[in-house]
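Down below is the structure, laid out as structure tokens.
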Amino acid sequence: MATRRAARFATFAEIDNVGPEAIAQLQDDVVYLANAYVHDPLIAFMGDLIDGQETIFRILEGRQKPTLTRDLYTLAGVVSGLIAKASQDLGQFHEAMTHARTLYVCADNADHQGLRAWARGLQSLIAYWAGRPQEAVRYAQNGAEFAANVTGSVAAWLPALEARAWALMNLEGEASAAIGRAIDRRSEYQPDDLDAIGGLLSFPQAKQSYYAAGTYVCLEGEADQERAQSEALTALDLFERGRPEDRSFSDEAGACSELALARVHTGEVEGARNALIPLLALEPERRIGGIITSASRVHHALRARRYTGSSEAKSLREEIEAFSRVPAAALPA
1 MATRRAARFA TFAEIDNVGP EAIAQLQDDV VYLANAYVHD PLIAFMGDLI DGQETIFRIL
61 EGRQKPTLTR DLYTLAGVVS GLIAKASQDL GQFHEAMTHA RTLYVCADNA DHQGLRAWAR
121 GLQSLIAYWA GRPQEAVRYA QNGAEFAANV TGSVAAWLPA LEARAWALMN LEGEASAAIG
181 RAIDRRSEYQ PDDLDAIGGL LSFPQAKQSY YAAGTYVCLE GEADQERAQS EALTALDLFE
241 RGRPEDRSFS DEAGACSELA LARVHTGEVE GARNALIPLL ALEPERRIGG IITSASRVHH
301 ALRARRYTGS SEAKSLREEI EAFSRVPAAA LPA
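Next comes the structure, spelled out in structure tokens:
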């Protein structure tokens, strides 16, 4: 009887639903999707993203060698994070948080500290764009705890996220301290496995400068507006001169918005119009939620009392309104 039981167990143990080659293909697919995210409109790859998540979930619900399970949970986490970001970009914040929590569960099951940190960063980002800066700070700080011994760029992303959220609440001291921590973590940067995936999972210096611009532009001082312009211009220059794989159409548009907003704050409407030229030229399928919100902040600033009766300000407001009427979220799936 013991022999028969051992034979049955051996048969069961050898039945795997995935092997190393299939894992390698899934890894290649995830790298492609993570990089497509920053270069292409959502409509171009959203179907592949959903199919990829379903494939990995289905495999995890079956049986595979324990050595492969950790890799599968890591891949499931990354894909869930990409879907969370897509949901946020389409203005579906509840759905975004649901997928981000799934990402965190996968990171926990994979025991992947960097992925845990990235999950909290993504939750901070979702909360920020949903207009919940205190929640964004909380997630970023929690993520920074996970990233304490992580050398990858996610370690700089978390305090940069925190800085923007503090600035949205006009808390200058806290925002400045967080920017300082982001700079410190950047100085310790050594690429890790998330940076090797790249795309949405990396946080290049150009993006860090864009986040700094978004921090300073929310503060009230004239010097802050000058620093915002400087950081935005640095970001745009780094995106243009940097590696093609580091370019992100949404982050470049965001830097254009922060530059325009700083110029509006200092009375330079024509300069703001020039800054927005690349953003306003984006086709509808690239007009994701963060870009629309950033443009709306410029629109709001152009309604300040100093611009009452300004034909230049009125004209730019109308251009932003026309741009915002057809966001990516309004397009057919």
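FYI, the numbering for the sequence shown is 1 to 333, going by our numbering. Backbone N, C-alpha and C fix where the C-beta goes; we use that ideal spot for every residue, glycine too.
If you draw a straight line from the Cα of A117 to the Cα of E145, it is about 8 Å long. Counting of Cβ neighbours within 10 angstroms places E318 among the exposed residues, the total staying below 16. Judged by pairs of C-beta atoms under 8 Å, the stretch 147-156 touches the stretch 100-119, as three or more such pairs exist. Residue state for Y104 is assigned as helix, using DSSP reduced to three classes. Inter-segment contact for the stretch 283-303 and the stretch 242-261 is present: three or more beta-carbon pairs are separated by less than 8 Å. Sixteen is the threshold: when 16 or more other Cβ atoms of the shown chains lie within 10 Å of the Cβ of D251, as they do, the residue is buried. Residue state for Y189 is assigned as coil, using DSSP reduced to three classes.
Rounded to the nearest whole angstrom, the CA to CA distance from L168 to F57 is 37 Å. In the three-state reduction of the DSSP assignment, D48 falls in the helix class, which pools H, G and I. The alpha-carbon separation between G77 and E188 amounts to approximately 25 Å.
Taking G180 as reference, the option from G152, G199, A212, D28 with the minimal CA-CA separation is A212. Under a 10 Å Cβ-count criterion, D184 is classified as exposed, with fewer than 16 other Cβ atoms of the shown protein chains found around its own Cβ. V269 sits away from L201, with the two beta carbons spaced by 8 Å or more. The C-alpha of A107 is placed about 14 Å away from the C-alpha of L68.
Spanning the alpha carbons of L261 and A272 requires a straight line of approximately 7 Å.
Inter-residue distance for V326 and F93 is about 19 Å (C-alpha atoms, whole angstroms). Secondary structure note for R116: its alpha helix (DSSP H) is the uninterrupted segment 113-129.
Between G289 and G91, the CB-CB gap stays under 8 Å. With a cutoff of 8 Å on beta-carbon distance, D192 and T234 are scored as not near each other. About 5 Å separates the Cβ atoms of S124 and L161, confirming a contact at the 8 Å cut-off. About 7 Å separates the beta carbons of L276 and V298, which is inside the 8 Å limit, making them a contact pair.
With a threshold of 16 other beta carbon atoms within 10 Å, R287 meets it and is buried.
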